[in-house]
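Data first, discussion second: the structure below is written as structure tokens.
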Amino acid sequence: MSTRPAAVTATALYIAAALVLTWPLAAGLTRDIPWDLGDSVLNLWILQWGADHWLRFLGGDFGALRGYFHANIFYPEPLTLAYSEHLTAQVLQILPVYGLTGNIVLSYNVLFLSTFVLSGLGTFLLVRELTGSARAGFVAGLLYAFAPYRIGQFSHLQVMSSQWMPFALYGFRRYFESRRAWPLAGAALALVAQNWSCGYFLLYFAPFVAGYVLYEMADRGLWRDVRVWASLGAAAAVVVGATVPLLLPYLELRAHGFGPRPLGEVARYSADVYSYLTAHEGQSFWGPIARAFVKPEGELFPSVIPVLLALLGVAAHARVTWAVTRTRGADPDMPPWRRGVIYAAAAVLVWQSASLLAILAHTGFDWQIGPLSIRLHNIARALRAVLLAAAALLVFSRRARAFVRGVPGSALAFYAGALVVAFWLSLGPIITSKGVRIAGDGLYSWFYQYVPGYNGLRVPARMAMLVALFLAVLGGYGARAIERAFRDSRFPWLRVDRATAVLAFASVLFLLEASPAPIQMNGTWSVGDLKTPPAPLIAPDGPPAIYRAVRALPAKAVIAEFPFGDEQYDLRYMLHSAAHWRPLLNGYSGGFPRSHAVNRAGLGRVLEDPDTAWRVLAASGATHAIVHEDVYPAGGGARVSAWLASHGAREVAAFGADRLFELPPPRVAWFCPPLHGM
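If you number the sequence shown the way the working numbering does, the last residue is 682 and the count never jumps.
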């Protein structure tokens, strides 16, 4: 079960599944982009910016990382890389491919596919360690690697890059089993990689890591072990020391006007209770069927097989634990009053747990039974009652305490609890059921108010990735229960045992219900009167020739490209800027400075208000302008070029319909506080 070939075989199968479920990506690895050409292009630009800087650094230019966060968009604003994720871990991952080929699309696609494979491998190792079963580990790896939640995040590479979380948990589990330094070092390295991959999971995963470490220490009675505390403290210091330097630019942005996300915006991008019954429309089987409540970032249906396997795992564990505690928790001399308290607490626990589910499903109920009025609406009140009833059971029932402690060495109780907490947090600060607010604040509201960083995150629904991870681990326990149930049992007409056949069948069913294949490639959308951008993103002969002329300009040249302010075109300008890395007035990211709002308002309406547009351009600090004339309808591009020439701009290069102008000497550049982005 612990041999290396099992992990190699699992990895090979995950690679095959990734290629099939993302088809036809494999047929266009060097030219096509999965899903759409929106945020994916932003991430391509971030990767190329980072890779070029790191390759220069590794090539001996040790000043190459100076100004790393001062990227070339939104001139003259500082720290523009920090308007979105810095993706440093992903940059380091692609260096070999990018360094050898120079093809950023190929590098991106290899990285995209690796998120599936590494997520599967990490979960495989974790669950094999937890259950002792390679088959259970393989099933759990499939459940997490191809969780349907990923479909809606295909264009968000930072969210897809959640593969280091199971590796971190695996490293900590191995450390507590062996007390050796190498697994702990591996856990710390995985945490650093995760922190460098996605700011959301830096904050969202941290409480669960701390909780798991404390769970293991409690389960193993290590509270007074000084060596364990020292080792964990050293690992934590390494993680913090490697993470904080890349957080400082984001903290500095607060001084430039990037305040907390408004609570209403955070609530808008939180999950609804019924989001977990809403499949993404790209999910081939469930997409047309499970559409309970559609909202932004709200397509979180986990599919049926993971839920069934997780329920089976929890039920099997509960049955075994209840049997084990029958004698360990027995108390024959219990006084009658105490027994009555236990029964009453158990009844309250069941009733209030059912009330919680009713409130979540229907925002509550009102019942009138004769003179008795029963109202169930406040989720916080029901939760407090559940916690109080559970506490009473633990205080008065020896068997309840033994049941909660569970089977020594099993981590299932932690993952079950973590699943519930992650689900609760994904609902955000204001819990809704089919869009109707439920009385009482969500658990996330406490994090938003009191935990640094949470008020800067916009999408609590991304906690659904942790829901998928914990559900996959519990599904692994369910797979192990199936394996035990069919132990030494074979189908007479098959060469494999029944456990393998049942688990293989369940795996195939899951892949069928979770599959998005064939996936959309190079998706674009209408841009008003402008010409729809071409696909694929980069032509076979490379970026447009006009950028070779830009590369010959002085290093201090500042470029404004027209049309200005359209998301799809600004993203292409950013990506093509890798041919020259001159500062751009244009830009697109997770946040926008106020100066860009001013520039967009003026330069986005050149033909409608040319005088205002020129005043904005003259004050912007731009030294050169590029006009892509064929993008405009009905000769509009030629009119933009004529507008520049009428104000003294001099044409210095032309390639096809692309024209490069040198502008009259600019005025002094100015700065405005930023606005929040989208």
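From the three backbone atoms N, C-alpha and C, an ideal C-beta is built for every residue, glycine too.
Only a predicted model underlies this, so the values are computations on that prediction, with no experimental measurement involved.
Of the other Cβ atoms in all chains shown, 16 or more fall within 10 Å of the Cβ of Arg154; this residue is therefore buried. Bounds of the alpha helix (DSSP H) holding Phe128 are Ile108 to Thr135. Annotation: the segment 437 to 513 contains the following complete segments of the beta strand (DSSP E) (minimum length 3 residues), in chain order: 440 to 445. When the five nearest sequence neighbours on each side are left out, the beta carbons in the same chain lying within less than 7 Å of the beta carbon of Pro253 are those of Phe73, Leu83 and Ala86, in order along the chain. Sixteen is the threshold: when 16 or more other Cβ atoms of the shown chains lie within 10 Å of the Cβ of Thr282, as they do, the residue is buried. Contact between Pro547 and Val270 does not hold, since the beta-carbon distance rounds to 38 Å and is not under 8 Å.
Non-local C-beta neighbours of Gly175 in its own chain, meaning closer than 7 Å and more than five positions away in sequence, comprise Pro187, Leu188, Gly190, Ala191 and Ala194, ordered along the chain. Taking one beta carbon from each stretch, the segment 241 to 256 and the segment 391 to 408 have fewer than 3 pairs nearer than 8 Å; the two do not touch. When the alpha-carbon of Ala30 is set against those of Ile523, Ser599, Arg586 and Arg598, the nearest one is in Ile523. In the structure shown, Thr282 adopts extended strand secondary structure according to DSSP, grouped into three states.
Listed in chain order, the non-local C-beta contacts of Arg654 below 7 Å within the same chain comprise Phe665 and Glu666, local neighbours out to five positions each way being set aside.
CA-CA distance, Leu391 to Val354, rounds to 11 Å.
Look at the beta carbons and you see the segment 557 to 576 not touching the segment 224 to 243: under three pairs across the two are nearer than 8 Å.
Per DSSP, the unbroken alpha helix (DSSP H) holding Ile550 starts and ends at Ile550 to Arg555. Leaving aside the five residues that flank Ser493 on each side, the residues in its chain whose CB is nearer than 6 Å to its CB run, in chain order, Arg502.
Excluding the 5 residues flanking it on each side, Trp168 has same chain C-beta neighbours closer than 6 Å at Ala194, Ala197 and Gln198, in chain order.
The segment 547 to 608 is shown to contain whole beta strand (DSSP E) runs of 3 or more residues at 563 to 566, in chain order.
Sequence-distant Cβ neighbours of Arg178 in its own chain, meaning closer than 7 Å and more than five residues away, are Glu133 and Pro187. In this structure, the straight-line span from the alpha carbon of Gly126 to that of Gln52 is close to 27 Å.
Only buried fits Ile435, as 16 or more other CB atoms lie within 10 angstroms of its CB. Annotated three-state conformation of Met525 is strand, per DSSP. The Cβ neighbour count for Gln162, taken over all protein chains shown within 10 Å, is at least 16; the residue is labelled buried. The Cβ neighbour count for Asp662, taken over all protein chains shown within 10 Å, is at least 16; the residue is labelled buried.
Within its own chain, the residues whose Cβ lies closer than 7 Å to the Cβ of Ser530, once the five positions on either side in sequence are excluded, are Thr536, listed in chain order.
Boundaries of the beta strand (DSSP E) harbouring Glu655: Arg654 to Phe659, taken from the DSSP string. Distance from the Cα of Leu110 is smallest, within the candidate group Ile98, Val121, Phe120 and Thr119, for Ile98. Between Cys202 and Ser166 the beta-carbon gap is near 7 Å, inside 8 Å, which marks them as a contact. If you look at Asp56, you'll find it isn't in any beta strand (DSSP E); it sits in the alpha helix (DSSP H) that goes Asp43 to Leu62. Of the residues Phe289, Gly263, Gln453 and Leu304, the one whose Cα lies closest to the Cα of Ser274 is Leu304.
Taking all protein chains shown into account, Asp533 has fewer than 16 neighbouring C-beta atoms within 10 Å of its C-beta and is therefore exposed.
Between Val477 and Val131 the beta-carbon gap is near 6 Å, inside 8 Å, which marks them as a contact.
When C-beta atoms of the segment 549 to 566 are compared with those of the segment 591 to 600, fewer than three pairs fall below 8 Å, so the two segments do not count as touching.
Residue range His628 to His632 is occupied by the beta strand (DSSP E) that includes Ala629. Selection Ser519, Glu517 and Leu621 evaluated against Phe568 yields Leu621 as nearest (Cα-Cα). The shortest C-alpha to C-alpha distance from Ala350 to any of Ala365, Ala617 and Ala393 is the one to Ala393.
Remark: C-beta atoms of Pro597 and Phe61 do not approach each other more closely than 8 Å.
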